[in-house]
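First comes the structure, then the notes that go with it.
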């Protein structure tokens with residue numbers, strides 16, 4: 001067994017050897033606790049038949065745990081300076097491929113077809129750069145990729161928003177966008193002390209598992225997400241005020257929307273955060289013929 005990368009001493013040695021300095025703009029915070037990395041890997045339930053996509057491998061601390069537990073790892077790293085370091089630290093593992101690309105610009109579907117054609121179960125496991133967490137997760141779940149689940153470390157507050165239930169302060173259009181496609185649970189809270197450099201906030205690991213089909217049936221997905229975003233446009237506003245100001249653009253249909261809400265037994269003075277996914281689906285389906 002090779003010596004873990006993710007110890008404070010080994011991490012410092014690697015950084016010093018290459019004269020590496022952290023770029024704040026890339027949200028680089030490296031994990032220096034092998035136990036946490038082992039836990040993250042275990043939450044993904046990997047086997048030698050599993051493939052893994054990693055985003056932001058850094059110096060390879062999580063990558064090596066994934067390589068030990070799975071059949072193949074493809075890691076996307078945006079920072080060119082880390083390529084020689086990863087080549088060195090991951091040299092013991094022949095089942096790892098590093099792609100020097102921004103995941104948000106990459107053709108992920110094409111890479112999956114090329115690299116994982118023989119793999120049945122594909123997971124995304126990563127310690128995500130905090131400044132782009134939400135766009136990355138939304139890209140992964142909306143591009144119809146053949147991914148079974150996502151286990152990622154992110155800011156605790158974002159994890160709470162993703163997994164939030166209706167009627168709670170964290171519940172919003174992000175909770176709905178993700179829970180429409182996936183089940184979501186926070187599986188671990190991670191203190192800031194296990195990172196180098198330390199971030200300003202605590203982190204959490206969230207596990208998202210793809211549903212066999214979306215949680216609710218809607219006539220038009222794009223419109224469904226428009227309605228949910230509109231309902232949370234200003235959290236303090238009532239549902240009817242948000243919907244009118246966001247969706248109607250001055251069209252004189254407020255009375256029709258009120259009528260629709262009453263027909264669905266939804267009080268127009270409720271706030272968006274009190275509606276369940278099922279209520280939003282009914283609302284979207286009833287509003288579609290009026291607004292579209």
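In our numbering, the protein residues as written are 1 to 292. Just so you know, even glycine gets a beta-carbon here, dropped at the ideal spot from N, CA and C. No experiment lies behind these values; they were computed from the predicted model shown.
Taking the straight line between their C-alpha atoms, what separation do you get for residue i and residue j?
i           : j           : result
residue 279 : residue 133 : 28 Å
residue 286 : residue 58  : 47 Å
residue 116 : residue 94  : 15 Å
residue 265 : residue 291 : 20 Å
residue 297 : residue 275 : Absent from the structure is residue 297, since the part of the chain shown begins at 1 and ends at 292.
residue 236 : residue 169 : 11 Å
residue 177 : residue 138 : 8 Å
residue 299 : residue 4   : Given that the chain is displayed from residue 1 to residue 292, the structure contains no residue 299 and the question cannot be resolved.
residue 70  : residue 44  : 10 Å
residue 47  : residue 41  : 10 Å
residue 49  : residue 147 : 14 Å
residue 99  : residue 129 : 16 Å
residue 166 : residue 90  : 43 Å
residue 6   : residue 210 : 30 Å
residue 149 : residue 224 : 23 Å
residue 215 : residue 180 : 5 Å
residue 52  : residue 120 : 11 Å
residue 226 : residue 245 : 13 Å
residue 184 : residue 158 : 12 Å
residue 110 : residue 259 : 47 Å
residue 14  : residue 64  : 15 Å
residue 75  : residue 267 : 48 Å
residue 277 : residue 163 : 13 Å
residue 136 : residue 105 : 10 Å
residue 54  : residue 39  : 16 Å
residue 289 : residue 283 : 11 Å
residue 17  : residue 23  : 17 Å
Can you round the beta-carbon distance between residue i and residue j to whole angstroms, since I take them to be within the 8 Å contact cut?
i           : j           : result
residue 102 : residue 78  : 5 Å
residue 161 : residue 140 : The pair is not a contact, with the Cβ atoms about 17 Å apart (cut-off 8 Å).
residue 194 : residue 206 : Not quite, the Cβ-Cβ distance comes to about 17 Å (not below 8 Å), so this is no contact.
residue 66  : residue 73  : 5 Å
residue 29  : residue 191 : Residue 29 to residue 191, Cβ: 12 Å. No contact.
residue 151 : residue 123 : 7 Å
residue 112 : residue 145 : 6 Å
Looking at the unbroken beta strand (DSSP E) that takes in residue i, where does it start and where does it end?
i           : result
residue 183 : 182-190
Between which residues of its own chain and residue i is the CB-CB distance below 6 Å, once the five residues before and five after are set aside?
i           : result
residue 269 : 238
residue 228 : 173, 176 and 280
residue 33  : 194
Once the 5 residues before and after residue i are set aside, which same chain residues still bring their CB inside 7 Å of it?
i           : result
residue 156 : 189, 201, 202, 203 and 204
residue 213 : none
residue 234 : 242
residue 127 : 31, 56, 62 and 153
residue 262 : none
residue 36  : 190 and 194
residue 26  : 78, 79 and 129
residue 20  : 81 and 85
Given residue i, which residues of its chain have a CB within under 8 Å of its CB, disregarding the five upstream and five downstream residues?
i           : result
residue 248 : 254, 257 and 291
residue 232 : 172, 173, 242, 272 and 273
residue 10  : 3 and 4
Grab the span of the alpha helix (DSSP H) containing residue i for me, first residue to last.
i           : result
residue 254 : 254-263
residue 276 : First-last for residue 276: undefined, no H or E at that position.
residue 242 : 239-243
residue 147 : Residue 147 -> no alpha helix (DSSP H), and no H or E assigned at all.
residue 269 : From DSSP, residue 269 is part of no alpha helix (DSSP H); its letter is neither H nor E.
residue 135 : 133-142
Taking 7 Å as the cut-off, is the C-beta of residue i nearer than that to any heavy atom in the ligand ADP?
i          : result
residue 60 : Absence of the ligand ADP from the depicted structure is noted, as is the absence of any ligand whatsoever, leaving it without description.
> Along the chain, which unbroken stretches of the alpha helix (DSSP H) at least 4 residues long are found entirely within the region 42-120?
Replying inline: If only uninterrupted alpha helix (DSSP H) runs of at least 4 residues are considered, those enclosed by the region 42-120 are 61-69, 83-89 and 108-115.
> Which runs of the alpha helix (DSSP H) fall wholly inside the region 3-27 and span at least 4 residues, in chain order?
Replying inline: The alpha helix (DSSP H) runs lying completely inside the region 3-27 and spanning 4 residues or more are 8-18, given in chain order.
> Curious, which full-length alpha helix (DSSP H) runs of at least 4 residues does the region 153-235 contain?
Replying inline: 156-163, 173-181 and 221-231
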